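Residue numbers (the numbering used here), protein chains in the order written: chain A, 1 to 318; chain B, 319 to 645; chain C, 646 to 967; chain D, 968 to 1488; chain E, 1489 to 1804. In this text, a Cβ means the ideal position worked out from N, Cα and C, and glycines have one as well. None of the values given here were measured: they were computed from a predicted structure. Comments concern the structure below.
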Amino acid sequence: MRTYVLRRLLGAIPLLFGASLLIFLVFALTPGDFIDGNINLTPQRAAELKALYGLDRPLWARYLGWLSQLLHGDLGFSLQHQIPVSTLLGQYLWSSFLLALVSLLLYWTLSLAVGVLAAVRPYSWFDRVVTLLVFAAMSFPVFFLCLLLIKWFAVDLGWLPVGGMISIGSNATGWDYALDVARHMVLPVLTLVMLQAGGLTRYVRASMLDALAMDCVRTARAKGLPERVVILRHALRNALLPLIALLGFELPGLFAGAIVTEKIFNWPGVGHIHIDTLAARDYPVLMSFTLLLAVLTIVGNLLADVLSALADPRIRLR
Amino acid sequence: MSQPLIEFDRLSVQFATEQGVARAVQDVSFAIQAGESVAVVGESGCGKSVTALSLMGLLPPAPACRLGGEVRLDAANLLALPPAAWRPLRGRDIAMVFQEPMSALNPVLSVGEQLMEPLLTHRQLSPAAAWQQAIALLQQVGIARPEAIAASYPHQLSGGMLQRVMLAIAISCQPRLLIADEPTTALDVTIQAQILDLLRRLQQASGMALLLITHDLGIVAEMADRVVVMYAGRVVETGSVRDIFRHPQHPYTQGLLASRPVPGRRLARLAAIPGQVPSPLALPDHCAFAERCPHARPACLHRQPVLQATSPTQQAACLLLSTEEAA
Amino acid sequence: MSDDTLLAVNGLVKHFPLHGGVLGRQTGAVRAVDDVSFVVRRGRSLGLVGESGSGKTTVGRTVLGLHQKDAGEVRFAGHDLHALDKAALRRLRPQLQLVFQDPLGSLNPRLRVGDAIGEALLAHGLCPREALRERVLAVMASCGLGEEHYSRYPHEFSGGQRQRVGIARALALQPALIVADEPVSALDVSIQAQIINLFADLKQQGVSFLFISHDLAVVEHLCEDVAVMYLGQIVEQGSREQVFGQPRHPYTRALLSAIPVADPDARRERVVLQGEPPSPANPPAGCRFHTRCPQATAQCASVVPVVHRVAAGHQVRCHLMA
Amino acid sequence: AATNPSAIPAQAKARKDTIVGAISAPQGIFNPYLFSNGWDENVTEVIFGRLVGLDAQGKLRAEQAESWQVSKDGLQYTLKLRKGLKFSDGSPFTADDVAFTLTFLHDPAYDGGTDISLAKIKGGDAYKAGKASSVEGIKVLNPQTIQITVTEPGATTLQLIGGPVLSRAWYGRGYQPGKLDDLRQYSSKPLGAGPYIYDKFVPGQEVRFHANPYYFAGKPAVPNFIYRITSDATKLQLFQTGETDLEGFSINADNIEQLKALGFANLNIYNSSDYSLIEFNHNKPALKDVRVRQALTYALDRKKLVDVVYQGYGSVATLPLSPVSWAYDTKGVNPYNFDPAKAAALLDQAGWKLGSDGIREKGGQKLVVTLLATKSLFNDALIPIAKENFKRVGVELRPEVSDFNALLAKRKAGNFDLATFRTSGLNDPHDGVARFRSTENEVGYKNAQVDKLINAGNGTLDIGKRKAIYHQLYQVLANDAPLILLANRKLLYVNSSRIGNYQPDVFNGIFGSLPKLKIQY
Amino acid sequence: MSVLSLRLPWRRRQAELASLASAGRTPWQQALARLWRNRPAMLALLFLALMVVACVAGPWLLPWDLETTDALAANHAPGATHWLGTDFLGRDILTRLLHAGRISLAVGLVSVVLSVVLGYVLGALAGYAGGWLDGAIMRLADLLMTIPSLPLLIILGALLSELQVAPEQRIYLVMLMLSLLGWTNLARIIRGQVQSLRSRDFMLATEVLGLPLWRRLLVHLLPNTIPTLIVVATTGVAGAILNESYLSYLGLGVVPPTPSWGNMMDTANSFVDFQRRPWLWMPPGLAIFATVIAINVLGDGLRDALDPRLQARGAR
Ligand SMILES: Nc1ncnc2c1ncn2[C@@H]1O[C@H](COP(=O)(O)OP(=O)(O)OP(=O)(O)O)[C@@H](O)[C@H]1O
Ligand SMILES: Nc1ncnc2c1ncn2[C@@H]1O[C@H](COP(=O)(O)OP(=O)(O)OP(=O)(O)O)[C@@H](O)[C@H]1O
Ligand SMILES: [Mg+2]
Ligand SMILES: [Mg+2]
C-alpha cells in the first residue's frame, strides 16, 4: 500500500510540470494583458507599466520566473487587487468551499438514498419517476435554474434573500452569523444539488444494481439475513467501492467555485472573481488558481485511488 | 413412509423475459426425507438451480417470475409464506452452498464476519460467542489456522478454502437440509475430492438431509442415495442411485450415462446424444426429448409423458414405458 | 528423434514477470512453465493434463508463438518457431491451429460463421474467392454443420455448435497440428460427447493434437500419449497405457484416484491429497509436489528431482524412481 | 417620483440609520491613486473627497480647497485650503499633504491609473528620472496654500492637481521614493477626509462606512453607509426586496416601467457624459478615403439603434460630447442623418462598384469590413442593425465578438476595420476629443488642423474662448468623419423614497449628494 | 482466475440460451428490435426526428427572415402573425428558434463527431499499441483532465477569437473547443475496451489464423467497439448542447446575431424580460431542455439495446 501511494506520488510530478507548462502557455497565448485592458493609458505610460510588470520579457523567461517563484511557495502578486495571490484566494476560496461542501454533502446523501431505493425496486414507478426527474435535472441550463429559483423563492414568495452571503451590514457572530449564512446559502445550494444530484443518482443506481446482482448478495439472502442487512451491509458496501473513487474526483470541485451560480447569487466565491480576473487579464491570479485546481485534480485522483484501495480489501491486502 | 422433510409438489416456475416466457421448471414433484441425500442431475439450463432456489425463496419476485404448485417443508407450503416468514427458515432450517465460492462470498467483509452473521441472526449469540463459534466451525470444516483465516478476506483464500468456508456458513445453524448447488464444479479434481469427503462427513455427523445438484454422474454415484434426473425443466426419471445407474429407464438417462468416457473402459466412439437442449423459451408441448431420442415414436411428438413407477423405487416419464403405448 | 516428430518442445521456460515497488521494477515472476519437454508425433495426440494453474494453457500458447518463450526450443515440422520472422511465422500459421475452451468468446460476435471460417483461407490465398463457399461448406459438413448455418451469427448457435464452428475454422486451413485448449470443458455432458467424437474422427483423418485438459477421462479416451503437469513442470509422461495403467508419480496416482467413478458400487479407498497447489509465483524448493505428497521424504524438500526413464517412453520426475 | 412610499419594503424600513448603495465589483484597493477598477474609485470618493470637484454642469467647484487662482499665462495654479481642515482621524490636513500626494504621483515606481504627466508640472520629468529630489513646480507657500507651476497650460490640469489628498502622516510612514510596497499596504486601511469613514470590506459582499465628524461640510446626517455589491442579473430583485436603497439601472422603457410599478422608487434620469462610437482603422486603405467613412456613417440607421436600445432615453450622438456640457452646440455640424442613397452615391464616387453578389468591389477587392465588439445588449442590437444597413449599401459586415481586453489588444495590433465601444465618463470637453490628437490617436487618424484646435481648446481656461474653439473643431471633425458617433445615453439612478435629498448627477454620481442624504421613512 | 473458467458463468449461459430464441437476426437487427420495444426511447427518437425536420425545413416555410429587424414589431407577444412573438429587434422568435436549432444541433453533433474521431483514434491507438505510445497518449489525456475545463474553455474562446473568424464560423470554433476537451473521456473508454478485446479469445484466434493486421483491426477489433461509441457519442451530443448554452451565457459561445438556443436564452438574463416576456426565453429553454432529455433517454435506450448485459446501467 505504501509503495503504491509512493509510486503514484512520483508519477504525479511530471504531470504537475506538464500542467504548469500547459497553463502558462494557454494564458500566455490569450490575447491581451493587464495593461492592454486600460483604455485610458497613453501608449508611453502603457509601455512604462509593461516594463514595470515584466510583461515585456520573452515567454520562456516569464515561465521560468513563474516556476521558480512557485517552487519557492510564492503564488505571486495580483496585478488587479494589489495583494498577494494567496491572500486574495484566501478571501474568496473558503466561501466557495463552504458552498461546495454543503451541497456536496447534500447531494451525495440525496443521491445515495434515492439511487439505492431506485435500484432496490428497478422499473417500479418510484424508479421511473426518479429516472425522469434525474434526466430533467440533468437537462437544465444552470443560469436558467438560478433565475427561476430567485424569482420564486426570493421575489415572489420573499422567503429567502436574493443573493449574497450575509445580510447587509450584519455584525452577527456565532449562531446568528451561521443562521444568516445558512439562509443565504439555501438557493445556491439548491441549485448545485439539483444540477449534481441527477448524474450521481444514475451512477449510484447503476452501481447498486450491479451490486445487487452479485452472487454474494444471494448468499446473504440464503443465510436468512434481514433484507435491510442484505442491502445495506452486503450490496451497498460493494456498490460504494466505485463511488468512493468518485468522491476523490470531487476534490477540485470543492475549490473551483461554481462560476455561474456564484455569479448570479452574488456569492463571494472564487468562481465569482474568476471571470473578473480573466476580463482584467490578471494572470498571476488566473494561473495560480488554475494550477491550484490542477494540483487538486491530481491529488483528488490520487486520493480516489487510495481511498478505494483502502475500502477494498482486494486492493488493500494485495 | 414417514412424513418427508421437503416435498416438491407440481412445482413450476416461469420467468418473464424480453424474448418471452421462459418455462424454467414444470410440474416437478419429488420429496426429500430427513437425513437423505438426493442428487438432482441434468444438463445446463434444465432447471436444477431454479428448483433449489424456489425452496429458498430466492427467486426474483413477481411479475418477473411466476410460481405454481407447492413446496412443502414439514407439510407447510413455503410458497404461500410471506417473505418475512420465510426469512427465518433460510440459513436455519435450510442452508445452501453455491457453485462459485469466489463470488458467493462478499469481497469486502472478512470471512469471520460473514460466518458470524447467521449465528447472530438466527441463534442470537453475542458477538464474542459468535466469533468463538465461527472459529470452531472453521476447525470443523478442516481449516488449519482458523483464527487467521477468519480474519482474512475472500480474495486471500483459494477456491477450495472458500468452499470450506461456505460449508461452514451453511452448517452454522445446524440446518435440516443442505442444498449444494454444484459445489465442486469450479474446483480441481483433487480439491473436489476433499470437498466431497468433507460434505459426506458433515452429513454423517449432523444427520442433515442433502440436496446435491450436479451435472457430474460420478459425483452422484459417490454421494447420493436417490437421484432425480431433470431435462428441460421436468423430472424425467427418479429412483435410488443403484436403480438409475444399473437400469436407467429413460432414454435420456441412458444417453447421459453412455456419453461420458469411463476411465479404463475405452470405446472407439461415445454414444453421444444428438442435437441440443431446447431453449426454455421455446419448449414443445410434447416430450421435450423426442427430437433427440433414438427411440422416439410418432406419439412422442404429440404427448407429454408423465412420471410413472417402473419399480417400487423408480419412476420415469417416457411414453415408451407407458402401458398403453406398449399395448 | 524420429522422422514422425511433428512438434518437439525442449526445455521450454515461460515466466510472467511480476512488477512492484515504487518504481514498478520487476520483483519476481510467475513461473508458469519451467523446463518442459515433450514431443507430438504425426498422427498421434498428446494429452496434457494437470490442475488449474499448472501451466497447460501457457504451454499451448507458447508453442503457438503467442507468448515469447524465455528459454528452450519449439520446433515445429523442422522449423524453430520462435526464430522465424513475422512473415515466415504467418506462412506457417495454417499448419498450426488452436481450438479454444470458450467457444463463444473465441468467435467474433459480429461476423457470420461462414465468413469466420473462410477468412483465413482467403488471407493465406489457400482458396480462390469463387470456390470459397464450397470449401467452407465442405469443412462445415465435416464438423457436422449444415448449409443453413453458413450465414448465421455465433450467438445463434448452441454451445456445441459453436465449438464445431471453432473446430471448423481451425480445420479449414488443413493444419497438421491442432492445439486444443480444454475444448470440451465448457460444454454440457451430452454435447461433450459429440465434440469428443468429432475429435476422434479428425484423428482418423491424420490430424495431430496437443490436447489440453484437466479431465483425465477425456484424455484417456482421445490421446495416445499423456503428459501430467504440476506447477509448471511435467511430472510424468508416457503412453496412455503407461500413465493410466501403471502410474508412477504419486501425483498422477492421486489425480487418477480422485476422479469420481459413475458407479455406485465402486466406492473405493482413494488417495485424497491434502492442501492445495502452491502458487507458481513462489514454488516450493526441491520437488514442487513435496508439500502435498503422501510419500515425501526429507530429500524431496531440498533436492530438485530429475527426470527418470522408468520404461521406454515413460518418464517420471520423482525421487522415488531413483 | 415615488407614487406610493408606503410600499417601501419592511426590510428597508427597518434600517433606520443606514443607507445602502449599490456597487458592482470593488476589489479592495481603496487608494484613489492605486485602484485599478472604477468601482474602487467609487469607494475612494466616499472616503477621500476632492480638493476641487465638479458641479452638475461639469464646472469646477470648490470642495476641500476654498479657492484657487490661475495665472494669466495658465502656468501657475495657487490653491487655498479651507480652514481647520482635518482628516477623518482628526489629524490636520495641510498643503504639505497635497505636496506629498502630487510628488508621490511622480514616483518612478508609481503604477496606478493617474497619469500626472498630463498636468506637465515643472520638474516632474526630472524627478521621475531621478535627477531631482523634489518636484520643482510644487511649492508649499504656507500650511493652507500650495502653488503649482506647469510647463504647458491645460484645461484639465486643475482637475488633476485638485484630486483626493493622501495624508503624509498616514501614507508617508516608511514610504521611500521608488518603493511603493509600504504605501500600498494602506490600500486596505484608507484614511481620507471625505464624508464617510471606511469601516470594513467584506469581499464579494459589501463595503461599510460610518459618518466622518470632521467632514468639512459637517458630519453627514445618516450615521452609516454601505456599498452593497450587486450584479445585473439580480439588482432589480435586490432593490425590489429592499436590500438596496440606491441603485443604477440600464435605461429602457421596461426598467422604468417596472421600477415605477414598485411605487416606492424615485427615478432620476439624466444625461450621461460618455458617448458610444464605431472607430475606423485609418491605416486600412479603404477607410483612408473620407467618402467611405462618410458613406458608412450615412448608411447606419443610428436612430433605430437608439430607439431599440434606449427606448426613448438616449439620442443619436452628433458631437463627441455629452449634451449637458457647456460646450455642446450642434449648429453647423453635419448630423449624418440616415441616408442609404447618399451613402451609396458616396461609395460610387469613391470607386466602389456594386458586384454581382451585392457587395461592392474596387480593384478586385471586396468591401468587407470587420467590426470588433464586446458582448453587450447594445451590441446585440448594433450588430444586426449595422449588418442589415451596410448590406443595403453593398458593404459586408463581419462582426467579431470578444471580451473587452481582447478587443483592445486586437485593436492595438491593428487587425480590424471597425471597432465599437463606449468612452469612459468625460468631465471636460477636452476628454472627448483628446483621442483625435495625432499624438494620442492609436488608429492612424491625423489632421493638423484638428491637432491645432485641440491644443488651443486645452490651452486656455476661458470658457467663452474654448466654446468657440470647440465649435469649430466639431465642424471640422464631422466633415472628416474620423469615427461614427453612435449614441448619447441617459442614465437611470433610482432611490428608495425613504431616502431624501438624493440628487445624483452625471459628474458626481451618487457621491455629489451623499453627505446631504437623510432617511425620511 | 483460472478456476472460474472451467464452466461458463450462469448468467452468460442464460443469455446464450435466450439468444437461441432470436435466431436469424444480425446483432444490429437485434439491437434495433430491442430499441423498438423501448417505448421511452422511441418517443425520444420521434421527438428528435421531429425537431430535426422542423429545424431544417422550418425556416424555409416561415415567411420571416432571420436577420431583418423591425423596430415597430419589437417585443410582440405570441399571436397570429408571430406565433412565438418577436424579440427586442422585432425578429420572429419561431424563425430564430428553428434556425438556432440547426446551429445548436449542429454544434452538438459536429463537436461530438470531432471529439469522437479524436478520442476514438487516440484511444484505439493507445489500447492497441500499448507501450510508450499508450503512455504518451494517456498522459496527454491526464494532463488535459487536470486542467479544469471551464477556465480552459474561456481561454480557448478568447484565444480562438483571435483568429479572424466571422460569427457564423465562430460556432465551428466552439465545436472545436468542445471537442478538444471532450475527447479524453471517450479515449479512455475505447482504450479500455480495445485492451480487453485484444486479450479476448477471438482476437487471439485472428493471430493464430495468421490474418493480416488490417483485417484484425478493421474487421475484428474495431467493429466491436462501435456500440460503446454510439452510446457515448449520443449522450455526448446532449452534453455539448448544454455546454454551448453555458458558453453562450458566458459570452463565449455562438455569437449574435447568429442565433443558438443558448444565446437566445441569454435574454432571460434581463430580469424584466424574464418576468414579463417568457416568449423570449421559454421556447429556447424548453427546446434545450426537451432535446437534452430526449437525447439522454435515447442514449439510455441505446445502451440497453446495444448491450443487454449492461442493461439499466447509468453513466455519469
Ligand atoms: N432470473 C431469471 N430470469 C430469466 N430466466 C431465468 C432466470 N433464472 C433462470 N432462468 C432460466 O431458467 C432455466 C433454468 O435455469 P437453472 O439455473 O435452474 O438451470 P440449471 O439446471 O441450474 O443449469 P446450470 O447447470 O447451468 O446451473 C434456464 O434456462 C434459465 O435461462
Ligand atoms: N499473461 C499472464 N500474465 C501473468 N501470469 C499469467 C499469464 N497467463 C498465465 N499466467 C499464470 O501462469 C500460471 C499458469 O497459467 P495457465 O493458464 O497456463 O494454467 P492452466 O494450466 O491452463 O490452468 P487452467 O486449467 O485454469 O486453464 C497461472 O498461475 C497463471 O496465473
Ligand atoms: Mg445451476
Ligand atoms: Mg488453461
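For the pair of segments examined, the segment 253-266 of chain A was found to touch the segment 139-147 of chain A: the number of CB pairs separated by less than 8 Å reaches three. Comparing C-alpha distances from ARG482(B) to each of ARG494(B), LEU495(B), PRO464(B) and PRO493(B) shows the shortest one belongs to PRO464(B). Secondary structure of HIS184(A) (DSSP, three-state): helix.
For ligand 4, a non-hydrogen atom lies closer than 7 Å to the CB of ASP826(C). No Cβ of chain E is located within less than 8 Å of the beta carbon of VAL1019(D).
In this structure ARG670(C) is exposed. Its beta-carbon is surrounded by fewer than 16 other beta-carbon atoms within 10 angstroms.
The beta strand (DSSP E) runs of length 3 or more contained entirely in the segment 1449-1486 of chain D are, from start to end of the chain, 1450-1463. In the structure shown, ASP715(C) adopts coil according to DSSP, grouped into three states. In its chain, beyond the 5 residues on either side, GLY851 and SER853 have a beta carbon closer than 7 Å to the beta carbon of GLY688(C). For GLU1695(E), the uninterrupted alpha helix (DSSP H) segment begins and ends at 1689-1696. Relative to the Cα of LEU1531(E), the nearest Cα in the group ALA1778(E), ARG1791(E) and ASP1754(E) belongs to ALA1778(E). GLY163(A) and THR1201(D) do touch by the CB rule: their CB atoms are close to 5 Å apart, below 8 Å. DSSP, read as helix, strand or coil, puts LYS1432(D) in helix.
At a cut-off of 8 Å, the C-beta of VAL1544(E) has no neighbouring C-beta in chain C.
With respect to the C-alpha of GLY32(A), the residue from LEU278(A), LEU192(A) and GLY224(A) having the closest C-alpha is LEU278(A). Residue pairing by DSSP places VAL368(B) opposite no residue, since no beta bridge is assigned to it.
With 16 or more other Cβ atoms inside 10 Å of its own Cβ, THR508(B) counts as buried. Residues of chain B whose Cβ lies closer than 8 Å to the Cβ of VAL906(C) are, in chain order, GLY536, ALA539, GLU540, VAL580 and PRO581.
The criterion of a C-beta distance shorter than 8 Å is satisfied by GLY478(B) and GLU921(C). The alpha-carbon separation between ALA1178(D) and ILE975(D) amounts to approximately 24 Å. Sequence-distant Cβ neighbours of ASP1472(D) in its own chain, meaning closer than 7 Å and more than five residues away, are ALA1023, TYR1237 and GLY1479. Taken residue by residue, none of the segment 431-447 of chain B has a beta-carbon sitting less than 7 Å from a beta-carbon on chain C. For ASP679(C), DSSP records a beta bridge to VAL658(C). Counting of Cβ neighbours within 10 angstroms places PRO1744(E) among the buried residues, the total reaching 16 or more.
Chain-order list of chain A residues neighbouring TYR1737(E): PHE143 and VAL260, by C-beta distance under 7 Å. Distances taken from the Cβ of VAL368(B) to the heavy atoms of ligand 1 include one shorter than 7 Å. According to the DSSP secondary-structure assignment, CYS611(B) is paired through a beta bridge with no residue. Taking 8 Å as the CB threshold, VAL987(D) lines the interface with chain A. At least 8 Å separates the CB of VAL1682(E) from every CB of chain C. Per the DSSP secondary-structure output, TYR1165(D) pairs in a beta bridge with PHE1176(D).
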